[in-house]
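Participant: In full-length UniProt numbering, the protein residues as written are 1 to 221. Virtual Cβ for every residue (Gly too), placed ideally from N, Cα, C. Predicted, not measured: the structure shown is a model, and the values here were computed from it.
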Amino acid sequence: MAEPVLFVGPTACGIDLAALSRGGLRVRPPVARGDVDSLLARSRRPGVMILCDGLFQSQPAVSHAELCRALDAGWQVWGVSSLGAIRAHELRGEGMRGFGWVYEQFSRHADFTDDEMCLLHFPEPPFFPASVPLVNLRYALACRAADLGITAASGRRVLSELSGLWFGDRTASRMRLALLETGGLSAAVADELLRWMAAYPVKTLDLQALLQQRPWRAAPA
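1. How many Å lie between L193 and S21 at the Cα?
2. Which value, in whole angstroms, describes the spacing of the CA atoms of W75 and V202?
3. Check for me: the beta strand (DSSP E) holding R28 runs from which residue to which?
4. Could you tell me whether the region 56–67 touches the region 77–93, where touching means 3 or more Cβ pairs closer than 8 Å?
5. Whole alpha helix (DSSP H) runs in the region 169–214 with 4 or more residues, listed along the chain?
6. May I ask you to report which of helix, strand or coil DSSP gives G164?
7. Between R87 and L51, how many whole angstroms is the CB-CB distance? I'm expecting something under 8 Å.
8. Does DSSP put D75 in a helix, a strand or coil?
9. Look at the alpha carbon of F128 and the alpha carbon of F7, and state the distance between them as a whole number of angstroms.
10. Measure how close the beta-carbons of L180 and I150 come, nearest whole angstrom, since I'm counting them as under 8 Å.
11. Does the contact criterion of 3 or more C-beta pairs under 8 Å hold for the region 111–126 versus the region 161–176?
12. When you compare the CB positions of A178 and V158, do they come within less than 8 Å of one another, or not?
13. Could you pull out every unbroken beta strand (DSSP E) segment of at least 3 residues lying fully inside the region 57–131, listed in chain order?
14. In angstroms with no decimal places, state the Cα-to-Cα distance between T113 and L137.
15. Nearest by alpha-carbon distance to Q208: which of F99, R176, R42 is it?
16. Drop a sphere of 10 angstroms on the beta-carbon of Q105, count the other beta-carbons inside from all chains shown, and report buried for 16 or more, exposed for fewer.
17. DSSP on L55, reduced to helix/strand/coil?
As structure tokens, then:
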């Protein structure tokens, strides 16, 4: 099987992409419309493609149609963490495979929307993030609320308020303000939650887990 192709951007900040390339992955920038069709045209046989990050404002987003063409051509198409998780959920009935905590939230929470994965980032590698995806805070609350004494109602209020903001305005400082004023948290608790969120960004954790487990090796064609 040819080396899997990974479309990735800001989710990989902190990951050694050169090592990934040496380890048998072809690393590409965030996917945009036309990139999948171009990959198919250049490939002699179907393989594995992994969609993580993708563009959707500066360029048209990767379409359902081109992903379905890849699936019909025999490719394994995986989605994780970001736009990849979104497309995997939307095309789960067509054979696209999803992976990770972020992907699973679509079936667990009625209020979970595509917008939670969005963020602003610099346009060139390594695509440094300029805002914080709301899903990272959702994950931090899921993992740390109980031991920090944060009630479920408080967490819901904070997520609800932040979900009403444009994703580019969801910075760590704005999240802190919501935790203090809407969530009623003390400064110490809010700061500890945000520190943990920064140390364990779920989108990156999902990508790392996918690359470690490499589930495409065991998946049926």
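Facilitator: The structure says:
1. Here the question's residue 193 lines up with position 193 in the sequence shown. Here the question's residue 21 lines up with position 21 in the sequence shown. Answer to the nearest angstrom: the Cα atoms are 34 Å apart.
2. Locating residue 75 in the sequence shown gives position 75, counting from the first residue. Locating residue 202 in the sequence shown gives position 202, counting from the first residue. Near 27 Å, if we compare the C-alpha coordinates of V202 and W75.
3. What you label residue 28 is simply residue 28 of the sequence shown in a count that begins at 1. 26–28 is the span of the beta strand (DSSP E), which, as asked, contains R28.
4. yes
5. 172–181, 187–199, 202–213
6. By 1-based counting over the sequence shown, the position of residue 164 is 164. Three-state DSSP puts G164 in coil, outside helix and strand.
7. Position 87 of the sequence shown, counting from 1, holds the residue named residue 87. Position 51 of the sequence shown, counting from 1, holds the residue named residue 51. With 8 Å as the limit, R87 and L51 qualify as a contact, their Cβ atoms being about 6 Å apart.
8. Position 75 of the sequence shown, counted from the first residue, corresponds to residue 75. Correcting the residue type first, residue 75 is Trp in the shown sequence and not Asp. W75 falls in the coil class under three-state DSSP.
9. Within the sequence shown, residue 128 is the residue found at index 128, counting from 1. Within the sequence shown, residue 7 is the residue found at index 7, counting from 1. Straight-line Cα distance between these residues: approximately 16 Å.
10. Indexing the sequence shown from 1 puts residue 180 at position 180. Indexing the sequence shown from 1 puts residue 150 at position 150. Their Cβ separation, rounded to whole angstroms, is 12 Å, which puts L180 and I150 out of contact at 8 Å.
11. yes
12. Counting from one through the sequence shown, the residue named residue 178 turns up at place 178. Counting from one through the sequence shown, the residue named residue 158 turns up at place 158. Against a cut-off of 8 Å, the Cβ pair of V158 and A178 comes out as a contact.
13. 76–80, 97–99
14. Here the question's residue 113 lines up with position 113 in the sequence shown. Here the question's residue 137 lines up with position 137 in the sequence shown. Cα to Cα, the separation comes out at about 14 Å.
15. By one-based count along the sequence shown, residue 208 stands at place 208. It is F99.
16. Start at 1 with the first residue of the sequence shown, and residue 105 comes out as number 105. Classification of Q105: buried, given that the 10 Å Cβ count is 16 or more.
17. Taking the sequence shown and counting its residues from 1, the one referred to as residue 55 is at position 55. Coil at L55, not helix or strand.
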